[in-house]
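One structure is given below, encoded as structure tokens.
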Amino acid sequence: MQPLISSKLPDVGTTIFTVMSQLALDCNAINLSQGFPSFEPPDDLLSLIEHYLRSGANQYAPMPGVPALRAAIAAKVADLYGRSADVDTEITVCDGATEGLFSSIQAIVRPGDDVIVFDPAYDSYAPAITLAGGRTVHIPLISPGDGFDFHIDWQRLADAVSDKTRLIVLNFPQNPIGSILAAADLDSLAEIVRDTRILLLSDEVYEHIVFDGARHQSMLMHDELWQRSLVISSFGKTYHATGWKVGYCVAPAPLTEEFRKVHQFTCFSVVTPIQHALADFMTSTPQQHLQLAAFYQAKRDYFCNLLTESRFEFEPAKGTFFQILDYSAISDEEDVSYARRLTREIGVASIPISVFCEEPLPGNKLRFCFAKDDATLATAVEKLCQL
Ligand code: PMP
Ligand code: GLN
0 MQPLISSKLP
10 DVGTTIFTVM
20 SQLALDCNAI
30 NLSQGFPSFE
40 PPDDLLSLIE
50 HYLRSGANQY
60 APMPGVPALR
70 AAIAAKVADL
80 YGRSADVDTE
90 ITVCDGATEG
100 LFSSIQAIVR
110 PGDDVIVFDP
120 AYDSYAPAIT
130 LAGGRTVHIP
140 LISPGDGFDF
150 HIDWQRLADA
160 VSDKTRLIVL
170 NFPQNPIGSI
180 LAAADLDSLA
190 EIVRDTRILL
200 LSDEVYEHIV
210 FDGARHQSML
220 MHDELWQRSL
230 VISSFGKTYH
240 ATGWKVGYCV
250 APAPLTEEFR
260 KVHQFTCFSV
270 VTPIQHALAD
280 FMTSTPQQHL
290 QLAAFYQAKR
300 DYFCNLLTES
310 RFEFEPAKGT
320 FFQILDYSAI
330 SDEEDVSYAR
340 RLTREIGVAS
350 IPISVFCEEP
360 LPGNKLRFCF
370 AKDDATLATA
380 VEKLCQL
């Protein structure tokens, strides 16, 4: 007899974030694998959620999102990126960035379409492309001299684009590598997509976590790119609340219209009291996100300074709350089994990078999340220095 189901995603297992967090739990290891902060959201924001929970905001929110939250997002986007996005037709609150990415891909990609992603690519893109019937085309980010400064090879992108290319997925600040875009990169991208029908899906969930005085280069800043972009962000990173799963999609009206056709049947609407609370908090404290870069830069520096005593090689991340460490000087074991070994034997869990790549990156690299209190980071590094 035929099996009852044949997999639509035969090559997909359980996501590495679940696998490594579970292993950390089983081994009682310090969990620097899955990216989530060990800090609480702002107290005033928590009070606002309590308030809305107790004052009747407990039924379905409007499908595109609570109007006040969409207005707060519009104000932020105008203030930060100079983009005036229409509250009613260009902003949609979604069920975390994950749903925003998934719904975008389902709305755009058809069987036979190519979608370009840059490796190492966040793991939710390719399965969503496969489910839409598209083909994922992997282009590795490159780093001169096998260093850590990974960026897009524009010539390679130009060569990979064809009339089958429907979508390019960008993710800067980049998870897991921690690299960022420069202003000139937006122009290079514009040159490649000009006179094509290619759309851009820009995953900007780490938009506020950019270091050393650099500025996040959003697709929202660029008049030409904006016309063909869906920009996805998430409140999870900004307010230390990854468990809330509230994000948003900003896209020109014709793209938003198609996005919402999928969004309304993927999750319909997003948790109501948290939307109201976020709207109030963003309005009363519009500058809150500006503290984030300095906060995480101090964490990065603390972590990296301690690591100078170790045998790992690294360059401090330019953005995100992840640090790549190269262990080539310590071991030549492949990274998935090495990450498991470190979790079991040293008691520190990390994420192997090869799972995000079609072709392995040079060297042996693991990703560590530094969104943790200093004591946790210090204990982790003490263990890593034993290697
Ligand atoms: N994109 C990237 C690059 C991420 O790192 C994450 C998770 N942190 C997401 C999307 C998903 O965000 P959310 O938790 O809001 O769904
Ligand atoms: N984005 C988080 C990370 O990169 C994980 C999110 C998840 O577990 N789905 O670690």
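Taking numbering that gives the first Met the number 0, the leading residue of the sequence shown gets 0, the next gets one more, and so forth. The beta-carbon is built from N, C-alpha and C at its ideal position, and this holds for glycine as well. Computed from a predicted model, the values in this text were never measured in an experiment.
Asked, Found
"Any non-hydrogen atom of the ligand GLN within 8 Å of Pro36 CB", "no"
"Enclosing beta strand (DSSP E) for Cys93 [first to last residue]", "Ile90 to Cys93"
"Beta strand (DSSP E) segments (min. 3 residues) lying fully within the region 125 to 159", "134 to 139"
"Cβ distance (whole Å) where Val380 is taken to contact Phe302 below 8 Å", "7 Å"
"Simplified DSSP state of Val76, which is helix, strand or coil", "helix"
"Host beta strand (DSSP E) of Val249 (start-end)", "Gly246 to Val249"
"Three-state class that DSSP yields for Phe210 in the structure shown", "coil"
"Through-space distance from Thr164 to Ile115, alpha-carbon basis", "7 Å"
"Three-state secondary structure (DSSP) of Ile329", "coil"
"Collapsed DSSP secondary structure at Gly242 in the structure displayed", "helix"
"Proximity to Ala67 [Cα-Cα], best of Met281, Leu22 and Ile107", "Met281"
"Own chain residues within Cβ distance below 6 Å of Val204, not counting five before or after", "Ala96, Ser232, Ser233 and Lys236"
"Whole-angstrom distance between Gln1 and Phe171, CA atom to CA atom", "44 Å"
"For Lys364, the three-state DSSP class (helix, strand or coil)", "strand"
"Coil, strand or helix - Ser233 by DSSP", "strand"
"Exposure of Val366, with buried meaning 16 or more beta-carbon neighbours within 10 Å", "Per the sequence presented here, residue 366 reads as Arg, with Val not at that position. Arg366 should be labelled buried."
"Three-way DSSP call (helix, strand, coil) for Val114 in this model", "strand"
"Own chain, CB closer than 6 Å to Ala106, minus 5 neighbours either side, in chain order", "Glu257, Phe258 and Val261"
"Of the residues Pro351, Arg53 and Ala28, the one placed nearest Thr271, counting alpha carbons only", "Arg53"
"Ile104 vs Gly133 beta-carbon contact at 9 Å", "yes"
"Alpha-carbon spacing of Trp243 relative to Asp372, whole angstroms", "21 Å"
"Cβ distance (whole Å) where Arg310 is taken to contact Leu386 below 8 Å", "6 Å"
"Reference Asp87; option with closest CA among Asp113, Val245 and Ala250", "Ala250"
"Local conformation of Ala348 per DSSP, three classes", "strand"
"Residue range of the unbroken alpha helix (DSSP H) whose run includes Val335", "Asp334 to Arg340"
"Chain-order list of residues whose beta-carbon lies under 6 Å from that of Gly99 (same chain, five-residue window excluded)", "Cys93, Ile231, Gly246 and Cys248"
"For Val192 and Thr183, the rounded distance between their alpha carbons", "For the record, residue 183 in the displayed sequence is Ala; it is not Thr. Looking at the two C-alpha atoms, the distance is approximately 15 Å."
"First and last residue of the uninterrupted beta strand (DSSP E) at Leu44", "It is not in any beta strand (DSSP E) - Leu44 instead sits in the alpha helix (DSSP H) that spans Asp42 to Leu52."
"Helix, strand or coil at Thr265 [DSSP, three-state]", "helix"
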